[in-house]
Amino acid sequence: MVNLVRYMTLCIVCRILYSKKEGERIMEFTEVINKRRTIRDFSDKKVSDEVIFSSLQSGLKAPSYNHLKQWDFILVKKQNVRYALTQTEQMVEEVTDELKQTFDNYDSLSKEMYLDAIPKQKRMLLEAPEVLVVVYKPKTTIIESKKIYDLNGLASVWCCIENILLTLAYNNVFGVAFIPKNTMAVKKILNIPNKLEVAAIIPFGYKSENAKIVPQKEVDIETKLHINKW
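Structure follows, in structure tokens:
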């Protein structure tokens, strides 16, 4: 009887400890979600291969519409290749009156973000400790897509990208997803096969001490949630 009581007590204690451990895991995951931010200002600190590979491995754990994980990654190390990427489209390097006027009617936080982001596009591609190009195989080419179903490949690769960004954030590494306008030129520079497409270019690294962090817009979930119908 005594042994049975001891056994039951041990089971209860183990369950409490397990529940507490699970709670800590949930809290850690929530913290990572909240921790992930877009950063365009980086320190010179090197990102270890372990952190990079771990993040890419997390990316490959994302759901894919056909279960084939048709994503590839290119780490751009050479400065001349990075420079070539910056020449695929016009990049404004300072905040001009014309640029300000473009965003005059935007939401204040959105305007703040764009006016900070646009002049940094060239610099972040050149100076970030790492630059990652995420490539995927589209179900249908973008130009031929006519319905949401055709964009399954694009939706899947962005699940992959989110996993990468979250794992980087877990390791105190941050980045920004830059969407190139001229993907054909990017593909030519990087020798990417025609059947594949560029999803995003992600400069990433440890944030600098004076890194600009634009506040996130607070959104009430009750204004976004609809039950059964709109």
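The opening residue of the sequence shown carries number 1 in full-length UniProt numbering; numbering runs sequentially from there. Cβ atoms here follow ideal geometry from the backbone N, Cα and C, with glycine treated the same way. Here the structure is a predicted model, which means the values were calculated and not measured.
Identity of the residues DSSP links to Trp71 by a beta bridge: Answer is Tyr136.
Per DSSP, cross-strand counterpart(s) of Val198: Answer is Val135, bridged to Val198.
For Val214 and Glu112, believed in contact at Cβ under 8 Å, the rounded distance: The C-beta distance from Glu112 to Val214 rounds to 5 Å, short enough to fall under 8 Å.
Nearest-angstrom Cα separation, counted from Ile33 out to Tyr149: Going from the Cα of Tyr149 to the Cα of Ile33 covers about 28 Å.
Boundaries of the alpha helix (DSSP H) in which Lys187 is found, first to last residue: Start and end: 183 to 190.
Cβ contact check for the stretch 133 to 146 and the stretch 31 to 45: 3 or more pairs under 8 Å: As far as the Cβ criterion goes, the stretch 133 to 146 does not touch the stretch 31 to 45, which means the pair count is below three.
Contact check, Ala199 vs Trp230, beta carbons under 8 Å: Taking 8 Å as the cut-off, the beta carbon of Ala199 is found no closer than this to the beta carbon of Trp230.
Every unbroken alpha helix (DSSP H) within the stretch 94 to 166, with a cutoff of 4 residues, ordered by chain: List check, alpha helix (DSSP H) in window: 97 to 102, 108 to 117, 121 to 127.
For Thr223, the three-state DSSP class (helix, strand or coil): In the three-state scheme derived from DSSP, where H, G and I count as helix and E and B as strand, Thr223 is classed as helix.
Closer than 7 Å: Glu28 CB and nearest the ligand COA heavy atom: The ligand COA is not part of the structure shown, which contains no ligands of any sort.
Cβ pair count under 8 Å reaching 3, the stretch 70 to 88 against the stretch 117 to 136: In short, these stretches touch, since the Cβ pair count reaches three.
C-alpha distance - Gly205 paired with Glu94, whole-angstrom precision: Approximately 23 Å between the Cα atoms of the pair.
Beta carbon of Ile227 nearer than 8 Å to that of Ser58: Not a contact, by the Cβ cut-off of 8 Å.
Sub-8 Å separation of Phe174 and Val134 beta-carbons: Going by C-beta atoms, Phe174 is not nearer than 8 Å to Val134.
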